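Worksheet: one structure, shown below.
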Amino acid sequence: MDEADASGALMGAPDAFHCRGCGGTTMRTVLDLGLMPLANRLLRSLAEAAAEPRHPLRVVFCADCTLVQIDATVPPADLFADYPYFSSYASTMVEHARVLAGHVVDREALGPGSLVVELASNDGYLLQHYQALSVPVLGVDPAANVAAVARQRGVPTRCAFFDAAVARAMVAEGLRADVLHAHNVLAHVADLHGFIEGIALLVAPEGLVVIEVPYVRDMIDGREFDTVYHEHLCYFSLTALRTVFAQHGLVLHDVERMPIHGGSLRVMLAHAGAARGTRPAVRALLDDEHAAGLDRFDYYARFAEAVSQLQGDLVALLRRLKAGGASIAAYGASAKGASLLNAFGIGAAMLDFVADRSDVKQGKLTPGTHLPIVSPADLLARQPDYVLLLTWNFAEEILAQQAEYRRRGGQFIVPIPELRLV
Ligand code: ZN
Numbered sequence: 057m058d059e060a061d062a063s064g065a066l067m068g069a070p071d072a073f074h075c076r077g078c079g080g081t082t083m084r085t086v087l088d089l090g091l092m093p094l095a096n097r098l099l100r101s102l103a104e105a106a107a108e109p110r111h112p113l114r115v116v117f118c119a120d121c122t123l124v125q126i127d128a129t130v131p132p133a134d135l136f137a138d139y140p141y142f143s144s145y146a147s148t149m150v151e152h153a154r155v156l157a158g159h160v161v162d163r164e165a166l167g168p169g170s171l172v173v174e175l176a177s178n179d180g181y182l183l184q185h186y187q188a189l190s191v192p193v194l195g196v197d198p199a200a201n202v203a204a205v206a207r208q209r210g211v212p213t214r215c216a217f218f219d220a221a222v223a224r225a226m227v228a229e230g231l232r233a234d235v236l237h238a239h240n241v242l243a244h245v246a247d248l249h250g251f252i253e254g255i256a257l258l259v260a261p262e263g264l265v266v267i268e269v270p271y272v273r274d275m276i277d278g279r280e281f282d283t284v285y286h287e288h289l290c291y292f293s294l295t296a297l298r299t300v301f302a303q304h305g306l307v308l309h310d311v312e313r314m315p316i317h318g319g320s321l322r323v324m325l326a327h328a329g330a331a332r333g334t335r336p337a338v339r340a341l342l343d344d345e346h347a348a349g350l351d352r353f354d355y356y357a358r359f360a361e362a363v364s365q366l367q368g369d370l371v372a373l374l375r376r377l378k379a380g381g382a383s384i385a386a387y388g389a390s391a392k393g394a395s396l397l398n399a400f401g402i403g404a405a406m407l408d409f410v411a412d413r414s415d416v417k418q419g420k421l422t423p424g425t426h427l428p429i430v431s432p433a434d435l436l437a438r439q440p441d442y443v444l445l446l447t448w449n450f451a452e453e454i455l456a457q458q459a460e461y462r463r464r465g466g467q468f469i470v471p472i473p474e475l476r477l478v
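Everything in the sequence shown is counted per our numbering, starting at 57 for the first residue and increasing by one.
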């Protein structure tokens, strides 16, 4: 993308910004979080923390095509070089993937002669389930460390930033995907059109594209502003997705709303000429989005105020607990967590540390707030009075994992969608 130069500097005013979907320039601001650190860049030392870069983070709405997006792009190589997120650390994700693979194998009658490709295949958390059902797979992931983990578990994985050129090279090798998955990646892609063009090239003429994206409607309605970070460039409605995919000859086939990640869309697409047709759920959700106003700015205009109210409530609660002598920590050194803590100005004055199950993160410092990341065992050893649950989207799973902490009298503060103590 030409709007970010090699030094990582960002473009200037929103009027210089061209919509990632349609190229339009009529942008209206939905939420401005100011200067924020990179939410996935965990720090190894306080010295590294001292030189930590911050970039503007602002959500805008395109009045031309309705796409909600951030109007800044940090170069992808800076963001993904050592991506710390391994999907398999979240049991909910693995189970979600297992159910989906079984469903798609049945629905598409896949077998040993088929090929399932996943873009941003991470550590093979999804493709492993196809392999278990004897369906050949190929992963593509830009992060060398996660691609290596996938290969170690036997999932063939190419390390590449997928785009039209990568797709052409794969097609030239004789590869065409009967099913092509792209889960929780579309929102992260700086070259949105190159990525979708690649999808259109790689998927077989009668093939199926399965996209999962966080749903902008759940973000707005559930005050999930912590979904906003630099890696997360677009916030999709079905209406906006339809427009951007149509430019590459891909049409909506089916859609389903899912609770995962605080509310997501699973969208199935096919070539415009394919024999699949459009399921009634697509028309129903498009109509529903129009009725709810997702194609108009007014729907998004109240978001900033709702976020600022949540900030007031959460900070007041933490201050009250702190004033009463309580010790408070946090759980989940996630990108969401970094976004929430930095946007709300909650740091070392309130929180002693952040516990996380991922041993890749333990021993490092959180972005912006520079809190030490410790293991769940350390959480039990130190037994703070309260724990702010930053990965609230996995609340059920984490509350079950940390049952011992609660048995010993500890309480979780769940900030989103409604602030509550459990
Ligand atoms: Zn647009």
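All C-beta atoms, glycine included, are put in the ideal place defined by N, C-alpha and C.
The structure presented is a predicted model; accordingly, all values stated were derived computationally and were not measured.
Alpha helix (DSSP H) segment containing residue i, residue limits
i	result
T299	L294 to A302
F251	L248 to L258
Q187	L183 to A188
A238	No alpha helix (DSSP H) contains A238, which is instead part of the beta strand (DSSP E) from A233 to H239.
L435	P432 to R438
Q457	A451 to Q457
A220	A220 to A228
D274	V272 to D277
Collapsed DSSP secondary structure at residue i in the structure displayed
i	result
A137	Note that A137 scores 49 on pLDDT, short of 50, meaning its location in the model is unreliable and no value can be drawn from it.
R464	coil
D88	strand
I267	strand
Q208	helix
V160	helix
A472	Here the sequence assigns Ile to residue 472, which means Ala is not the residue at that position. Coil, per DSSP.
L421	strand
H152	helix
I402	coil
R332	coil
E262	strand
V443	strand
V478	coil
V410	strand
F179	Strictly speaking, residue 179 in this sequence is Asp, with Phe absent from that position. Looking at D179 - three-state DSSP - the assignment turns out to be coil, as it is neither helix nor strand.
F281	helix
G380	coil
Whole-angstrom C-beta distance between residue j and residue i, which should lie under 8 Å
i	j	result
A8	A238	Not covered by the structure: residue 8. The range shown for the chain is 57 to 478.
A206	G195	6 Å
G250	D219	4 Å
Y356	F73	In fact, because the Cβ distance is near 16 Å, the residues do not count as touching under 8 Å.
A382	Y461	The pair is not a contact, with the Cβ atoms about 14 Å apart (cut-off 8 Å).
S199	P423	Just to set this straight, residue 199 is Ala in the shown sequence, not Ser. With a Cβ gap of about 17 Å, A199 and P423 do not count as contacting.
A157	Y186	5 Å
I316	H152	6 Å
S395	V284	6 Å
A260	R232	4 Å
A119	F353	7 Å
T447	G393	7 Å
V266	M324	6 Å
A386	L444	4 Å
Bridge partners - residue i, DSSP secondary structure assignment
i	result
G195	E174 and T213
Y355	Partner(s): none; Y355 has no beta bridge.
D415	For D415, which the question treats as bridged, DSSP gives no partner whatsoever.
A326	V307
V480	The question about residue 480 has no answer here: the residues shown for the chain are numbered 57 through 478.
S147	The partner list for S147 (beta bridge, DSSP) is empty, contrary to what the question assumes.
D83	Note that residue 83 corresponds to Met in the displayed sequence, not to Asp. DSSP output for M83 lists C118 as bridge partner(s).
E312	R322
H426	Paired residues: none, contrary to the question.
P112	L91
Q125	V116 and C290
Status (buried if at least 16 other CB within 10 Å, exposed otherwise) for residue i
i	result
A204	exposed
E229	exposed
E262	exposed
S390	buried
H346	exposed
R358	exposed
E312	exposed
L102	exposed
D274	buried
T122	buried
G254	buried
D369	exposed
F320	The sequence given here places Ser at residue 320; Phe does not occur at that position. Under this definition S320 is a buried residue.
G167	exposed
Residue interval of the beta strand (DSSP E) (run including residue i)
i	result
S101	Taken as a continuous stretch (DSSP letters only), S101 belongs to no beta strand (DSSP E), as it is neither H nor E.
A340	Per DSSP, A340 belongs to no beta strand (DSSP E); it is in the alpha helix (DSSP H), P336 to A348.
A386	I384 to Y387
Residue i CB to nearest heavy atom of ligand 3 below 8 Å
i	result
C78	In the structure on display, ligand 3 does not appear, and the ligands it does have are ligand 1.
Interface flag, residue i vs chain D, CB-CB below 9 Å
i	result
S147	Here there is only one protein chain, and chain D is not present.
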